[in-house]
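FYI, UniProt numbering numbers position 90 of the sequence shown as 90, with every residue one higher than the one before it. Here's the structure we're looking at; comments come further down.
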Amino acid sequence: MFLVREDFKTFIKKYPIITIMVSICSILALLTTAAGGYTTENILKFGGYQYDLVQQGEFWRLLTYAFMHGNYTHFFMNMTFMIILGRPLESALGSVKFLFFYMVAALLTGIILHLVYSSNIVSSGSSGVGYGFLGIYLFIILFRKNMLLLDDRKFILTFIAIGLISSFIIPSSSLTGHLAGMVIGFMISPFLLNKTSTFKHSLNV
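Right, here's the structure in full:
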């Protein structure tokens, strides 16, 4: 289910929201590169989060931070996870619900970060949304496990374990952002999923 088997044209048609979000992040990465790379100045210039700037009225940063990244490794890892984890969810939820969740998860994670931290550390990245995806999958495993094949459930649980461990041991990771995203995904799942929600393409893998 998590393997990408579509060609580029089919991928865009089946997963328009994932395509748009990855494209926005990629454009920002290119703009950052053209501006001289991932400096603090450039991260903020292209939408990164900083407490004082939000306090001064730049509230859009509570959302735009989720499209900007801190370095190239951060960008490529998040885009890979976005594609792997997001495709099945966009297919199961439909593009409208998926877009709603994406924006809500990004915004609520940003708000939680702002409420928890008061330092001027610059923050950016779509990890909160990615962990939101994991929160939805965790809800499915606990309450709607028939939606997923056994191997897919094992894959997700392994992914969650690795993600949480790395959040604790990697100094630059935002543990608060990751946990917030996962909790948000888990809590909002009952409102996103219905009796007809299914991973239709999982049988083709």
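For every residue, glycine included, the Cβ atom is placed at its ideal position computed from N, Cα and C. Here the structure is a predicted model, which means the values were calculated and not measured.
6 Å CB neighbourhood of residue i in its chain, flanking five on each side removed
{"i": "Y49", "result": "R61, Y65 and S123"}
{"i": "S126", "result": "A66 and N78"}
{"i": "L93", "result": "L192"}
Where residue i sits in the DSSP three-state scheme
{"i": "Y131", "result": "helix"}
{"i": "S202", "result": "Any reading at S202 must be qualified, since the residue scores a pLDDT of 43, below 50, and its modelled position is unreliable; the value itself is stated next. Three-state result, S202: helix."}
{"i": "D7", "result": "coil"}
{"i": "I170", "result": "coil"}
{"i": "N71", "result": "coil"}
{"i": "S197", "result": "coil"}
{"i": "F2", "result": "coil"}
{"i": "Y117", "result": "coil"}
{"i": "I20", "result": "helix"}
{"i": "D32", "result": "According to the sequence shown, residue 32 is Thr rather than Asp. In this structure, T32 counts as helix in the three-state DSSP scheme."}
{"i": "E58", "result": "coil"}
Residues that DSSP places opposite residue i in a beta bridge
{"i": "S123", "result": "Y49"}
Other residues of its chain near residue i: CB distance less than 7 Å, five sequence neighbours each side excluded
{"i": "G36", "result": "N42"}
{"i": "H74", "result": "G125"}
Proximity to residue i [Cα-Cα], best of the options
{"i": "R144", "options": "T198, T176, I111 and T40", "result": "T198"}
{"i": "H69", "options": "T39, F191 and L3", "result": "T39"}
{"i": "L30", "options": "T10, G181, I12 and N71", "result": "N71"}
{"i": "Y102", "options": "S119, S118 and G135", "result": "G135"}
{"i": "M3", "options": "D151, L179 and H178", "result": "Here residue 3 turns out to be Leu, not Met, going by the sequence shown. Ranking D151, L179 and H178 by Cα distance to L3 puts D151 first."}
Short Cβ contact (8 Å threshold) for residue i with residue j
{"i": "T176", "j": "V104", "result": "no"}
{"i": "L108", "j": "I184", "result": "yes"}
{"i": "S95", "j": "I17", "result": "yes"}
{"i": "L138", "j": "I121", "result": "no"}
{"i": "R153", "j": "I141", "result": "yes"}
{"i": "I83", "j": "V22", "result": "yes"}
{"i": "T32", "j": "F46", "result": "yes"}
{"i": "F133", "j": "G86", "result": "yes"}
{"i": "T19", "j": "I27", "result": "no"}
{"i": "M187", "j": "Y131", "result": "no"}
Cβ-based neighbour list, residue i, same chain, cut-off 8 Å, excluding 5 preceding and 5 following
{"i": "H114", "result": "Y49, Y51, V54 and L62"}
{"i": "H201", "result": "With a pLDDT of only 46 at H201, under the threshold of 50, the placement of this residue in the model should not be trusted, and no figure is reported."}
is_contact[residue i, chain B] using C-beta, thresh 8 Å
{"i": "G70", "result": "No chain B appears in the structure shown, which is made up of a single protein chain."}
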